[in-house]
(Lines of atoms letter the chains of each structure in order from A and count residues from 1; the text may use other names and numbers.)
(Lines give C-alpha, C1' and ligand atoms only; values in the text may rest on other atoms or scores of the structure.)
Protein backbone atom coordinates (compact mmCIF):
# COMPACT_ATOMS: atom_id res chain seq x y z
CA UNK A 1 0.00 0.00 0.00
CA UNK A 2 1.32 3.46 -0.86
CA UNK A 3 2.36 5.64 2.09
CA UNK A 4 -0.36 8.28 2.64
CA UNK A 5 1.50 10.38 5.22
CA UNK A 6 2.37 13.88 3.97
CA UNK A 7 6.02 14.75 3.45
CA UNK A 8 6.78 17.72 5.70
CA UNK A 9 8.97 20.10 3.75
CA UNK A 10 8.90 22.84 6.38
CA UNK A 11 10.59 20.78 9.10
CA UNK A 12 14.21 19.63 8.65
CA UNK A 13 14.69 15.88 8.43
CA UNK A 14 17.89 14.06 9.35
CA UNK A 15 17.92 11.81 6.26
CA UNK A 16 17.54 14.79 3.94
CA UNK A 17 20.15 16.85 5.82
CA UNK A 18 22.55 13.91 5.61
CA UNK A 19 21.87 13.77 1.87
CA UNK A 20 22.73 17.48 1.66
CA UNK A 21 26.00 16.94 3.52
CA UNK A 22 26.85 14.07 1.16
CA UNK A 23 26.39 16.35 -1.83
CA UNK A 24 23.05 14.89 -2.90
CA UNK A 25 19.99 16.70 -4.22
CA UNK A 26 17.12 15.21 -2.26
CA UNK A 27 16.42 17.90 0.32
CA UNK A 28 14.28 20.98 0.86
CA UNK A 29 15.06 24.53 1.93
CA UNK A 30 14.49 23.76 5.61
CA UNK A 31 16.99 20.92 5.33
CA UNK A 32 19.55 23.10 3.56
CA UNK A 33 19.29 25.78 6.23
CA UNK A 34 19.67 23.24 9.02
CA UNK A 35 22.56 21.63 7.16
CA UNK A 36 24.33 24.95 6.70
CA UNK A 37 23.81 25.76 10.36
CA UNK A 38 25.39 22.43 11.22
CA UNK A 39 28.39 23.14 9.01
CA UNK A 40 28.79 26.61 10.55
CA UNK A 41 28.93 25.16 14.05
CA UNK A 42 30.82 21.99 13.16
CA UNK A 43 32.66 22.23 9.82
CA UNK A 44 33.83 18.61 10.08
CA UNK A 45 30.29 17.29 9.63
CA UNK A 46 30.61 16.94 5.84
CA UNK A 47 33.78 14.92 6.32
CA UNK A 48 31.99 12.78 8.90
CA UNK A 49 29.15 12.16 6.44
CA UNK A 50 31.62 10.90 3.84
CA UNK A 51 33.46 8.81 6.44
CA UNK A 52 30.18 7.18 7.42
CA UNK A 53 29.48 6.16 3.82
CA UNK A 54 32.99 4.74 3.45
CA UNK A 55 32.50 2.83 6.72
CA UNK A 56 29.30 1.28 5.36
CA UNK A 57 31.07 0.26 2.15
CA UNK A 58 33.96 -1.39 4.03
CA UNK A 59 31.61 -3.15 6.42
CA UNK A 60 29.35 -4.58 3.71
CA UNK A 61 32.31 -5.60 1.57
CA UNK A 62 33.88 -7.38 4.55
CA UNK A 63 30.63 -9.17 5.41
CA UNK A 64 29.91 -10.28 1.84
CA UNK A 65 33.42 -10.97 0.55
CA UNK A 66 35.21 -12.22 3.68
CA UNK A 67 32.61 -13.35 6.20
CA UNK A 68 30.40 -15.06 3.62
CA UNK A 69 27.18 -13.29 4.61
CA UNK A 70 24.45 -13.36 1.96
CA UNK A 71 21.58 -11.68 3.86
CA UNK A 72 21.48 -8.06 4.99
CA UNK A 73 18.88 -6.24 7.08
CA UNK A 74 19.69 -2.52 6.76
CA UNK A 75 17.54 -0.75 9.36
CA UNK A 76 16.98 2.98 9.05
CA UNK A 77 18.59 3.06 5.65
CA UNK A 78 17.96 6.74 4.89
CA UNK A 79 17.91 8.22 1.40
CA UNK A 80 19.70 6.25 -1.32
CA UNK A 81 23.04 7.78 -2.26
CA UNK A 82 26.24 6.33 -3.70
CA UNK A 83 27.19 2.67 -3.27
CA UNK A 84 24.22 1.56 -1.22
CA UNK A 85 24.23 -1.69 0.73
CA UNK A 86 22.73 -3.83 -2.03
CA UNK A 87 25.15 -2.49 -4.64
CA UNK A 88 28.20 -3.25 -2.52
CA UNK A 89 26.94 -6.64 -1.35
CA UNK A 90 25.78 -7.86 -4.76
CA UNK A 91 28.99 -6.72 -6.44
CA UNK A 92 30.88 -9.02 -4.06
CA UNK A 93 28.26 -11.78 -3.89
CA UNK A 94 25.59 -11.62 -6.63
CA UNK A 95 23.16 -13.83 -4.70
CA UNK A 96 22.95 -11.45 -1.72
CA UNK A 97 19.49 -10.65 -0.37
CA UNK A 98 19.01 -7.16 1.07
CA UNK A 99 16.05 -5.85 3.04
CA UNK A 100 15.98 -2.12 3.67
CA UNK A 101 13.89 -0.82 6.57
CA UNK A 102 12.65 2.74 7.06
CA UNK A 103 9.43 4.53 7.96
CA UNK A 104 9.93 7.93 6.35
CA UNK A 105 7.62 8.54 3.35
CA UNK A 106 10.28 10.33 1.29
CA UNK A 107 12.81 7.57 1.95
CA UNK A 108 10.26 4.93 0.95
CA UNK A 109 9.39 6.78 -2.25
CA UNK A 110 13.04 6.86 -3.24
CA UNK A 111 13.52 3.24 -2.19
CA UNK A 112 10.78 2.13 -4.56
CA UNK A 113 12.45 4.00 -7.41
CA UNK A 114 16.15 3.47 -6.76
CA UNK A 115 16.79 0.47 -4.51
CA UNK A 116 16.40 -2.08 -7.27
CA UNK A 117 18.19 -5.37 -7.67
CA UNK A 118 21.54 -5.23 -9.45
CA UNK A 119 21.80 -8.97 -10.22
CA UNK A 120 19.50 -11.74 -11.41
CA UNK A 121 20.49 -13.98 -8.49
CA UNK A 122 19.96 -11.51 -5.65
CA UNK A 123 16.98 -9.84 -3.98
CA UNK A 124 16.55 -6.19 -3.00
CA UNK A 125 13.42 -5.01 -1.21
CA UNK A 126 12.24 -2.76 1.59
CA UNK A 127 9.97 -2.81 4.62
CA UNK A 128 8.05 0.07 6.15
CA UNK A 129 8.80 -0.09 9.86
CA UNK A 130 10.26 1.93 12.72
CA UNK A 131 13.61 0.78 14.13
CA UNK A 132 12.02 1.01 17.59
CA UNK A 133 9.76 -1.93 16.67
CA UNK A 134 12.20 -4.85 16.24
CA UNK A 135 9.46 -7.44 16.69
CA UNK A 136 7.63 -6.14 13.61
CA UNK A 137 10.85 -5.97 11.61
CA UNK A 138 11.73 -9.56 12.46
CA UNK A 139 8.24 -10.80 11.59
CA UNK A 140 8.15 -9.03 8.23
CA UNK A 141 11.74 -9.89 7.30
CA UNK A 142 10.92 -13.59 7.57
CA UNK A 143 8.96 -13.27 4.33
CA UNK A 144 12.21 -12.46 2.49
CA UNK A 145 15.15 -13.75 4.50
CA UNK A 146 16.03 -17.31 5.55
CA UNK A 147 16.30 -17.24 9.34
CA UNK A 148 18.15 -20.55 9.40
CA UNK A 149 21.19 -18.81 7.87
CA UNK A 150 23.28 -15.85 9.09
CA UNK A 151 21.91 -12.33 8.70
CA UNK A 152 23.82 -9.05 8.97
CA UNK A 153 21.79 -6.58 11.03
CA UNK A 154 22.87 -3.01 10.26
CA UNK A 155 22.20 0.25 12.11
CA UNK A 156 24.24 2.89 10.29
CA UNK A 157 24.01 6.12 12.28
CA UNK A 158 20.44 5.40 13.36
CA UNK A 159 20.39 4.47 17.04
CA UNK A 160 21.17 8.01 18.18
CA UNK A 161 17.50 8.76 17.47
CA UNK A 162 16.52 6.46 20.35
CA UNK A 163 15.75 8.65 23.33
CA UNK A 164 17.52 6.46 25.88
CA UNK A 165 20.43 4.05 25.99
CA UNK A 166 18.14 1.45 27.54
CA UNK A 167 15.96 1.67 24.43
CA UNK A 168 19.02 1.20 22.22
CA UNK A 169 19.97 -1.95 24.11
CA UNK A 170 16.41 -3.31 24.02
CA UNK A 171 16.08 -2.77 20.27
CA UNK A 172 19.45 -4.31 19.41
CA UNK A 173 19.16 -7.21 21.85
CA UNK A 174 15.71 -8.10 20.52
CA UNK A 175 16.98 -8.08 16.95
CA UNK A 176 20.06 -10.15 17.72
CA UNK A 177 18.05 -12.63 19.78
CA UNK A 178 15.84 -13.11 16.72
CA UNK A 179 18.57 -13.93 14.21
CA UNK A 180 20.55 -17.21 14.09
CA UNK A 181 24.01 -18.01 15.35
CA UNK A 182 26.66 -16.75 12.97
CA UNK A 183 24.75 -13.54 12.28
CA UNK A 184 26.44 -10.15 12.55
CA UNK A 185 25.67 -6.77 14.06
CA UNK A 186 27.16 -3.76 12.25
CA UNK A 187 26.62 -0.24 13.53
CA UNK A 188 28.04 3.15 14.22
CA UNK A 189 26.75 6.22 15.99
CA UNK A 190 27.89 9.70 16.87
CA UNK A 191 30.05 9.89 19.99
CA UNK A 192 30.23 12.41 22.81
CA UNK A 193 34.03 12.61 22.65
CA UNK A 194 33.90 15.79 20.53
CA UNK A 195 32.02 18.55 22.36
CA UNK A 196 31.58 20.63 19.19
CA UNK A 197 29.78 17.70 17.58
CA UNK A 198 27.56 17.33 20.65
CA UNK A 199 26.65 21.03 20.48
CA UNK A 200 25.73 20.63 16.82
CA UNK A 201 23.35 17.80 17.71
CA UNK A 202 21.81 19.92 20.47
CA UNK A 203 21.31 22.84 18.09
CA UNK A 204 19.74 20.54 15.49
CA UNK A 205 17.14 19.42 18.02
CA UNK A 206 16.08 23.06 18.42
CA UNK A 207 15.12 23.24 14.72
CA UNK A 208 12.18 20.90 15.23
CA UNK A 209 13.85 17.89 13.65
CA UNK A 210 13.92 14.53 15.41
CA UNK A 211 16.62 14.80 18.12
CA UNK A 212 19.82 12.83 17.80
CA UNK A 213 21.57 11.78 21.02
CA UNK A 214 25.29 10.95 20.75
CA UNK A 215 26.55 8.23 23.11
CA UNK A 216 29.90 7.76 24.75
CA UNK A 217 32.35 5.45 23.01
CA UNK A 218 31.98 3.10 25.98
CA UNK A 219 28.21 2.98 25.50
CA UNK A 220 28.57 2.29 21.78
CA UNK A 221 31.00 -0.51 22.60
CA UNK A 222 28.55 -1.87 25.17
CA UNK A 223 25.91 -2.43 22.49
CA UNK A 224 28.09 -5.32 21.27
CA UNK A 225 28.02 -7.15 24.63
CA UNK A 226 27.71 -10.90 24.06
CA UNK A 227 29.05 -10.73 20.51
CA UNK A 228 32.52 -11.57 19.18
CA UNK A 229 34.01 -8.35 17.87
CA UNK A 230 35.68 -8.33 14.48
CA UNK A 231 39.10 -6.67 14.53
CA UNK A 232 39.88 -3.85 15.20
CA UNK A 233 36.87 -3.74 17.52
CA UNK A 234 34.77 -0.65 18.16
CA UNK A 235 36.77 2.36 17.03
CA UNK A 236 36.32 5.72 15.27
CA UNK A 237 34.70 4.82 11.97
CA UNK A 238 37.60 6.09 9.85
CA UNK A 239 39.91 3.77 11.82
CA UNK A 240 37.88 0.61 11.12
CA UNK A 241 39.97 -1.55 8.77
CA UNK A 242 41.93 1.40 7.38
CA UNK A 243 45.47 2.72 7.85
CA UNK A 244 44.28 6.02 9.34
CA UNK A 245 45.10 5.16 12.97
CA UNK A 246 48.61 3.97 12.11
CA UNK A 247 49.17 7.14 10.10
CA UNK A 248 48.03 9.33 12.97
CA UNK A 249 44.84 10.54 11.30
CA UNK A 250 42.41 11.95 13.83
CA UNK A 251 39.52 9.69 14.72
CA UNK A 252 36.03 10.63 13.58
CA UNK A 253 33.36 11.84 16.01
CA UNK A 254 31.52 8.57 15.48
CA UNK A 255 32.41 5.08 16.65
CA UNK A 256 31.41 1.77 15.17
CA UNK A 257 32.25 -1.84 14.60
CA UNK A 258 31.06 -5.31 13.67
CA UNK A 259 30.28 -8.21 16.00
CA UNK A 260 29.40 -11.85 15.33
CA UNK A 261 26.72 -13.73 17.26
CA UNK A 262 28.30 -16.94 18.66
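Numbering (our numbering), first residue to last: 346 to 607.
Where is the CB? At the ideal position from N, CA and C, for every residue including glycine.
None of the values given here were measured: they were computed from a predicted structure.
Practice prompt. With DSSP as the reference, please indicate the residues paired to residue 492 in a beta bridge.
Written response: In DSSP, residue 492 forms no bridge with anything.
Worksheet item: Between the region 469-477 and the region 446-460, are three or more C-beta pairs nearer than 8 angstroms?
Response: Three or more beta-carbon pairs drawn from the region 469-477 and the region 446-460 are found closer than 8 angstroms, and the two stretches are therefore classed as touching.
Worksheet item: Mind checking whether residue 495 and residue 414 have CB atoms under 8 angstroms apart?
Response: Yes; because the gap between Cβ atoms is below 8 angstroms, this pair is in contact.
Item to complete: Return the residue from the list 528, 358, 573 and 387 that minimises the CA-CA distance to residue 416.
Response: Minimum Cα-Cα distance from residue 416 among the listed residues 528, 358, 573 and 387 corresponds to 528.
Fill in: Check whether residue 376 and residue 358 have beta carbons under 8 angstroms apart
Yes, these two residues count as a Cβ contact at 8 angstroms.
Discussion item. In whole angstroms, give me the CA-to-CA distance for residue 323 and residue 551.
Written reply: This structure leaves residue 323 out entirely; the chain is present only between 346 and 607.
Worksheet item: Applying the criterion that 16 or more other CB atoms from any shown protein chain within 10 Å of the CB defines a buried residue, is residue 522 buried or exposed?
Response: Residue 522 should be labelled exposed.
Worksheet item: Using 8 angstroms as the Cβ pair cut-off and three pairs as the minimum, do the region 571-579 and the region 538-557 touch?
Response: They do not touch, by the three-pair rule.
Practice prompt. Measure from the alpha carbon of residue 411 to the alpha carbon of each residue in 583, 453 and 437, then state which is nearest.
Written response: Of 583, 453 and 437, the residue nearest in Cα terms is 437.
Item to complete: Would you be able to state if there are at least three C-beta pairs under 8 angstroms between the region 596-604 and the region 378-398?
Response: Short answer: they touch.
Item to complete: Could you say which of 487, 492 and 423 lies nearest to residue 457 if we only look at CA atoms?
Response: Looking at the Cα atoms, 423 is the closest of the given residues.
Worksheet item: Under three-state DSSP, which class holds residue 363?
Response: Residue 363 falls in the helix class under three-state DSSP.
Worksheet item: Under 8 angstroms between the Cβ atoms of residue 482 and residue 420?
Response: Contact check for residue 482 against residue 420 passes: the beta carbons are separated by less than 8 angstroms.
Discussion item. Tell me the rounded alpha-carbon separation between residue 540 and residue 418.
Written reply: The alpha-carbon separation between residue 540 and residue 418 amounts to approximately 32 angstroms.
Practice prompt. Could you check if residue 559 is buried or exposed, using at least 16 other CB atoms within 10 Å of its CB as the buried criterion?
Written response: Around the CB of residue 559, 16 or more other CB atoms lie within 10 Å, so the residue is classed as buried.
Worksheet item: In terms of residues, what are the limits of the alpha helix (DSSP H) holding residue 511?
Response: Counting along the chain, the alpha helix (DSSP H) containing residue 511 begins and ends at 510-523.
Worksheet item: Bridge partners of residue 568, per DSSP?
Response: Note: residue 568 sits in no beta bridge, so no partner.
Worksheet item: DSSP three-state call for residue 444: helix, strand or coil?
Response: DSSP places residue 444 in strand when its eight states are reduced to three.
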